[in-house]
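Inspection log for the structure reproduced underneath, given as structure tokens.
Shown next as structure tokens:
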């Protein structure tokens, strides 16, 4: 290949990249920057969006206990979802890893297939199961375990159940991948040296799959914190989270600058988690040279 | 160590039931003869499937979703293939940064993107057009396309390209006759993934779709927040069938396990010839 002034090797890559670059700048970077700018503008219900610059949208979120509580609830829900997803996803990944040949791939499709089925459809399934006249309450009533139907719909519990269901496959994938990298001989060595099964799990297996658990947890937490459809359907207006508040501000209240401030804080939370992810897994990042970034 | 005891097996079965339960329930409710949500036990009926055609909204949004996913996936490939080729084998900092930019829409929460695009489209006067919806979807599915294509390009032996060129093929000929056939499973897989991701996109689309460009997931979401009758279950069942069909196709051309777990190995593609 020649390295002359206008040889194809020089301008061809630029030409090939141009359409994708244009699209990402116009439909991704510019709108995001505009939202950040919008969050610093004042809003008046009569006059609309003002031209001045202000921090009042942010101070309202920080000093109004109503909005602060919504942020706290969102983080709390995401934390509970992450812990639950880890506590059922890790054992499941280990089981999947150990299952004999035809069953492991069949089970893998059952576990991961729902990832491709719309969140709305899956969440609707939970609404049918958890409703006051739903299948779960019906079953519990018939078994005589409860006297009155449990109110699960429109509570944090419903949101947590729905989110664990939607997000646990990500945990399984992350741990399952790290199990493939794990060194089997170390387990056999520990067993032959007299360690019992629990010691082998705690001292040998767990440290080796810890990177998988951590990366799975970060993915689950950041997706849970920004999740919209599940809390909107299973929590409705009774249990608001950050994403549903942003939705209301933009499509009902029409206070766009305030909605933008809520959105920017959500973005910052996601980026902070992403930064943590990158710091923890920098080595892996380098090896895949950007080909395997993200959830 | 590699056997699964009765306790773990019970856990495994409980886990699979947990995963399958809401989907199975939706499919069962779709066949109810009653006017409310219930699981049919003795009588099964197709009345709620017939009701889909009686409602004007759902068939229309089906068509919009299919059109949108087809056009957006094709657009994403049209701009993704050249970009992936330019970036695939380069280790220059600029190129690495560009690859990161193309992958980054995946890392921004869909609500944030939706809000930003709503305001942007309004400012430009593009809100509510089918073309703007296509471009919004293309941005969101481009990361999947770029990622799969970069893997496909990294996977083949570059000596064959050099061989073709040294034997007198032009660059275009080498691409069309040698490289394209080699990365074809990756290209078809990328299109199908992009298609499914576009079909399923809800959160961003809620903000950018208008009354006459309402996609199926958005229509279903709107309907669900207002009323719940078994019609939701029957349209969902048709949707599940459609996605399952696309998944079987995807498994055939690319391999679902390879895609979902993102293994770098090409064993499966090789064994398929």
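Chains as they are written, first to last, in our numbering: chain X, 1 to 295; chain U, 1001 to 1273. C-beta atoms are modelled at their ideal positions from N, C-alpha and C, and glycine is treated no differently.
Minimum C-alpha distance to residue 1185(U) - residue among 1172(U), 1152(U), 1195(U), 1176(U): Translated into the one-based positions of the second chain, residue 1185(U) becomes position 185. Answer by Cα proximity: 1152(U).
Beta carbon proximity, residue 1021(U) to chain X, threshold 8 Å: Looking up residue 1021(U) in the second chain gives position 21. It does: the Cβ of residue 1021(U) has a partner Cβ on chain X nearer than 8 Å.
Residue 102(X) to residue 1018(U) span [Cα, whole Å]: Translated into positions along the first chain, residue 102(X) becomes position 102. Translated into positions along the second chain, residue 1018(U) becomes position 18. Taking the straight line from one Cα to the other gives about 21 Å.
Spatial distance of residue 230(X) from residue 1162(U) (CA atoms): Translated into positions along the first chain, residue 230(X) becomes position 230. Translated into positions along the second chain, residue 1162(U) becomes position 162. Residue 230(X) and residue 1162(U): Cα-Cα distance of roughly 51 Å.
Where the alpha helix (DSSP H) through residue 1044(U) begins and ends: If you number the second chain from 1, residue 1044(U) lands on position 44. Unbroken run through residue 1044(U): none, as it is neither H nor E.
Chain U contacts from the region 112 to 125 of chain X (Cβ-Cβ distance under 9 Å): 112, 113, 114, 115, 116, 117, 118, 119, 120, 121, 122, 123, 124, 125
Collapsed DSSP secondary structure at residue 1265(U) in the structure displayed: Position 265 of the second chain, counted from the start, is the residue given in the question as residue 1265(U). Here the model assigns residue 1265(U) a pLDDT of 39, short of 50, so the residue's position is not dependable and the matter cannot be decided.
Cβ neighbours of residue 57(X) in the same chain (closer than 6 Å, five flanking residues each side left out): To locate residue 57(X), count along the first chain from 1; it is residue 57. Closer than 6 Å at the Cβ level, and outside the excluded window around residue 57(X), lie 39, 257, 258, 261.
8 Å CB neighbourhood of residue 1156(U) in its chain, flanking five on each side removed: Position 156 of the second chain, counted from the start, is the residue given in the question as residue 1156(U). Correct list, in chain order: 1179, 1182, 1183.
Candidates 1129(U), 1069(U), 1176(U), 1108(U): closest to residue 224(X) by CA position: Indexing the first chain from 1 puts residue 224(X) at position 224. Closest option to residue 224(X), judged by alpha-carbon separation, among 1129(U), 1069(U), 1176(U), 1108(U): 1108(U).
Proximity winner among 202(X), 34(X), 85(X), relative to residue 165(X) (alpha-carbon distances): The residue labelled residue 165(X) in the question sits at position 165 within the first chain. Of the candidates 202(X), 34(X), 85(X), the one whose C-alpha sits nearest the C-alpha of residue 165(X) is 85(X).
Segment contact, 8 Å Cβ cut-off, at least three pairs: the region 1110 to 1128 of chain U with the region 50 to 68 of chain X: no
Buried or exposed (CB count within 10 angstroms, at least 16 for buried), residue 41(X): Here residue 41(X) is taken as the residue at index 41 of the first chain, counted from 1. Flag for residue 41(X) reads buried.
Among 1111(U), 1070(U), 1218(U), nearest to residue 265(X) - alpha-carbon criterion: The residue given as residue 265(X) occupies position 265 in the first chain. Nearest of 1111(U), 1070(U), 1218(U) to residue 265(X), Cα basis: 1111(U).
Beta-carbon proximity check, residue 1099(U) vs residue 1113(U), cutoff 8 Å: Walking along the second chain from the start, residue 1099(U) turns up at place 99. Walking along the second chain from the start, residue 1113(U) turns up at place 113. It is not a contact, given that the beta carbons lie outside the stated cut-off.
Element boundaries [alpha helix (DSSP H), containing residue 95(X)]: If you number the first chain from 1, residue 95(X) lands on position 95. Counting along the chain, the alpha helix (DSSP H) containing residue 95(X) begins and ends at 65 to 98.
Amino acids of chain U, ordered along the chain, whose beta-carbon sits closer than 8 Å to that of residue 92(X): Position 92 of the first chain holds residue 92(X). Simply 1011, 1012, 1015.
Which of helix, strand or coil DSSP assigns to residue 1125(U): Sequence index remark: in the second chain, residue 1125(U) carries index 125 (1-based). Three-state DSSP puts residue 1125(U) in coil, outside helix and strand.
Same chain only: Cβ atoms within 8 Å of residue 1131(U), ignoring 5 sequence neighbours per side: Locating residue 1131(U) in the second chain gives position 131, where the first residue counts as 1. Closer than 8 Å at the Cβ level, and outside the excluded window around residue 1131(U), lies no residue.
Euclidean distance between Cα positions of residue 255(X) and residue 45(X): Taking the first residue of the first chain as 1, we reach residue 255(X) at position 255. Taking the first residue of the first chain as 1, we reach residue 45(X) at position 45. So the two alpha carbons sit approximately 8 Å from each other.
Minimum length 3: unbroken beta strand (DSSP E) runs contained in the region 1164 to 1222 of chain U: none
Boundaries of the alpha helix (DSSP H) in which residue 31(X) is found, first to last residue: Sequence index remark: in the first chain, residue 31(X) carries index 31 (1-based). It spans 30 to 38 - the alpha helix (DSSP H) in which residue 31(X) sits, taken as one unbroken run.
Identified DSSP bridge partners for residue 43(X): On the first chain, position 43 is the one that residue 43(X) refers to. The partner list for residue 43(X) (beta bridge, DSSP) reads 49(X).
Expected contact under 8 Å - CB spacing of residue 1137(U) and residue 1068(U) to nearest Å: What you label residue 1137(U) is simply residue 137 of the second chain in a count that begins at 1. What you label residue 1068(U) is simply residue 68 of the second chain in a count that begins at 1. The pair is a contact, with the Cβ atoms about 6 Å apart (cut-off 8 Å).
Residue 90(X) and residue 160(X) closer than 8 Å at C-beta: Translated into positions along the first chain, residue 90(X) becomes position 90. Translated into positions along the first chain, residue 160(X) becomes position 160. No. Outside cutoff.
Neighbour flag for residue 1200(U) against chain X, beta carbons, 8 Å: Working through the second chain from its first residue, we reach residue 1200(U) at position 200. Taking Cβ atoms only, chain X reaches closer than 8 Å to residue 1200(U), which makes this a yes.
Residue ranges of each alpha helix (DSSP H) within the region 1005 to 1067 of chain U, 4 or longer: For secondary structure counted as the alpha helix (DSSP H) over 4 or more consecutive residues, the region 1005 to 1067 of chain U holds these complete runs in sequence order: 1006 to 1029, 1047 to 1054.
Interface flag, residue 165(X) vs chain U, CB-CB below 8 Å: For the purposes of this step, residue 165(X) is taken as the residue at position 165 of the first chain. By this cut-off, residue 165(X) is an interface position.
Partner residues on chain X for residue 1239(U), Cβ-Cβ distance less than 7 Å: The sequence position of residue 1239(U) within the second chain is 239, counting from 1. Under the 7 Å cutoff, chain X gives 118, 121.
Same chain only: Cβ atoms within 6 Å of residue 1217(U), ignoring 5 sequence neighbours per side: Stepping through the second chain from its first residue, residue 1217(U) is reached at position 217. Closer than 6 Å at Cβ, skipping near neighbours: 1202.
Any non-hydrogen atom of the ligand SAH within 7 Å of residue 1053(U) CB: The model depicted lacks the ligand SAH and carries no ligand whatsoever.
Beta-carbon gap between residue 1030(U) and residue 1233(U) smaller than 8 Å: Within the second chain, numbered from 1, the residue matching residue 1030(U) stands at position 30. Within the second chain, numbered from 1, the residue matching residue 1233(U) stands at position 233. Yes, the pair counts as a contact, with Cβ atoms nearer than the cut-off.
First and last residue of the uninterrupted alpha helix (DSSP H) at residue 1247(U): Residue mapping note: residue 1247(U) aligns to position 247 of the second chain, counting from 1. Start and end: 1230 to 1253.
Min CB distance residue 80(X) to chain U below 8 Å: Position 80 of the first chain, counted from the start, is the residue given in the question as residue 80(X). So no, residue 80(X) is outside the interface.
Check whether residue 1064(U) and residue 1213(U) have beta carbons under 8 Å apart: For the purposes of this step, residue 1064(U) is taken as the residue at position 64 of the second chain. For the purposes of this step, residue 1213(U) is taken as the residue at position 213 of the second chain. Cβ distance < 8 Å, so residue 1064(U) and residue 1213(U) count as in contact.
Beta-carbon contacts of residue 286(X) that lie in its chain and below 8 Å, excluding the five residues immediately before and after: The residue you call residue 286(X) lines up with position 286 of the first chain. Note that residue 286(X) scores a pLDDT of 46, beneath 50, so its modelled location is shaky and nothing firm can be said.
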